[in-house]
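Report on the structure given below.
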Amino acid sequence: MKLIYFAWLRERIGIAEETVTPPASVTDVTSLIEWLKGRGPGYALALAKPEAIRVAVNQQYRKGPAPIAASDEVALFPPVTGG
Amino acid sequence: MKLIYFAWLRERIGIAEETVTPPASVTDVTSLIEWLKGRGPGYALALAKPEAIRVAVNQQYRKGPAPIAASDEVALFPPVTGG
Amino acid sequence: MAIVRVQAADFDTGAELDALTRGRRDVGGVASFTGLVRDFGGSGDAAMTLEHYPGMTERELEAIAAEAVQRWGLQGVLIIHRYGRLQPGDRIVLTAAAAAHRQAAFDACMFLMDWLKTRAPFWKLEETGDERHWVEAKASDDDAAAKWAK
Amino acid sequence: MAIVRVQAADFDTGAELDALTRGRRDVGGVASFTGLVRDFGGSGDAAMTLEHYPGMTERELEAIAAEAVQRWGLQGVLIIHRYGRLQPGDRIVLTAAAAAHRQAAFDACMFLMDWLKTRAPFWKLEETGDERHWVEAKASDDDAAAKWAK
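Residue numbers (our numbering), protein chains in the order written: chain C, 1024 to 1106; chain A, 1024 to 1106; chain F, 352 to 501; chain X, 352 to 501.
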């Protein structure tokens, strides 16, 4: 599974993207975020407030219960501020 | 008094502008229009529906009861359609 | 900055909009509207002639621009209106409003167009082949302008 | 016609707007909005960096443009959004909508900006001297976007 981070999420986690193999218990966006929090203090800080995190699966906005698969590209980022 | 006509008012009256000396009974916009109607069939046709006429005195919009004086520039025209 | 011009010549939209904000660091956005001559005939020989009241036109446009600046605290405002003979596809009018925030810029620009349509002394004559007629004022324009009454 | 571009380079507002209507006789008006970097520091050394999500950005902007065309029957739509490092006064974004009538053009252009602000994956980093911070999303932008919910 390819993970991509943007803005202050990227800075807190310390990398822009990575490929991970989560355990079988990670089946949706919510469980992915919970699992990622345990990967280190940068992750824990970045993901401390899941309600402040926006998620795209294969470049489409998704919410917590959305299912994810090993072949997906999952992006985590703060609320957008363009324009 | 200088009178100026625009658009179909100008075409029906047949001239773009003229200088007139109305009688003393012409004291406001309404009485001016009534007096002009008697100046010929073109005027009568152009001014048949006073409610369809817009009036500017010295380049400012004015309504029927607005007073007019000999030194004024009075313009008569249809509702505007720019933009 | 308020720019009001009434002219026969075409205008350069990009240059006009750039001039409104050049050298400034406080403008958040510029809303603009360009009005074009729409084909009203269909036969291919349509033309429009815009007549106006020189002197009063500038006064009215300046009053409309000043009102927009005052109501929305604009950083810049622009009205350019053409007169004379135009073809379908030609530009007629450009209005623009520069403001710190986008909703003020949009509202002011809509106001400029609504007031301009109902107050600026222009009249449109449409010609197609041998037919000619003066465009009639629309009640919908009066309604749009009335929205802004205070 | 829908034009969507995401680029580091500046754009030529006039040329972009002209391309939207060139050769057409059915467009009544074009509403546009240009967003600029506002000075947020004051000390003169302010800069902004716009980060985005390549691929998803284009998808979202194309979806927003298509939605506007469908809802307002637009004759043309344009979204250009820059990324990278920008200075106060620089252009960030240009949206435009061409329609037969002005209110459709204005409404569509406001919709483009409101949706873009809340859906397009861009993030702004402001820097002034040694200070840097990520711009926070505004509730007012969510409210503006919510107006357009069907």
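The C-beta atom is built at its ideal place from N, Cα and C for all residues, glycine as well.
Got a sec: which bits of the region 440-455 of chain F sit with their beta carbon under 7 Å from any beta carbon on chain X, in order along the chain? 440, 451 and 453
Kindly indicate the opening and closing residues of the beta strand (DSSP E) around residue 362 of chain X. Run containing residue 362 of chain X: none; DSSP gives neither H nor E here.
Mapping DSSP to helix, strand and coil, what is residue 1065 of chain A? helix
Residues of chain E with CB closer than 9 Å to the CB of residue 473 of chain F, please, in chain order. The structure shown contains no chain E; the protein chains it does contain are C, A, F and X.
In chain order, what are the residue ranges of uninterrupted beta strand (DSSP E) at least 3 long that sit wholly in the region 429-472 of chain F? 435-437 and 442-450
Could you check whether the Cβ of residue 490 of chain F sits closer than 8 Å to any heavy atom belonging to the ligand NAP? Summarising the ligand content, the structure contains no ligands, and the ligand NAP is consequently not present.
I need the boundaries of the beta strand (DSSP E) containing residue 1098 of chain A, first residue and last residue. 1096-1100
For residue 355 of chain F, write down the residues that DSSP places opposite it in a beta bridge. F/430
CB contact flag (residue 1098 of chain A, residue 399 of chain F, <9 Å): no
According to DSSP, is residue 412 of chain X helix, strand or coil? helix
Looking at the unbroken beta strand (DSSP E) that takes in residue 397 of chain F, where does it start and where does it end? 397-403
Where do the N-terminal and C-terminal ends of the alpha helix (DSSP H) with residue 1031 of chain C fall, by residue? 1030-1036
So is residue 470 of chain F in contact with chain A if we call contact Cβ pairs under 9 Å? yes
Is residue 437 of chain X close to chain C, meaning its C-beta is less than 9 Å from at least one C-beta of that chain? no
Would you list the residues sitting across from residue 384 of chain X in a DSSP beta bridge? F/382 and X/446
Going by beta-carbon coordinates alone, are residue 401 of chain F and residue 434 of chain F separated by less than 9 Å? yes
Identify the residues that DSSP records as bridge partners of residue 421 of chain X: which are they? Answer is none; residue 421 of chain X lacks a bridge partner.
Specify the secondary structure class of residue 1060 of chain C as computed by DSSP and reduced to three states. helix
Under 9 Å (Cβ pairs) to chain X, residues found in the region 352-381 of chain F: 363, 364, 365, 366, 367, 368, 369, 372, 373, 374, 375, 376, 377, 378, 379, 380 and 381
Against residue 485 of chain X, what residues of chain C qualify as contacts under a CB-to-CB distance less than 8 Å, listed in chain order? 1030, 1031, 1101 and 1104
Could you give the DSSP three-state label for residue 1049 of chain C: helix, strand or coil? coil
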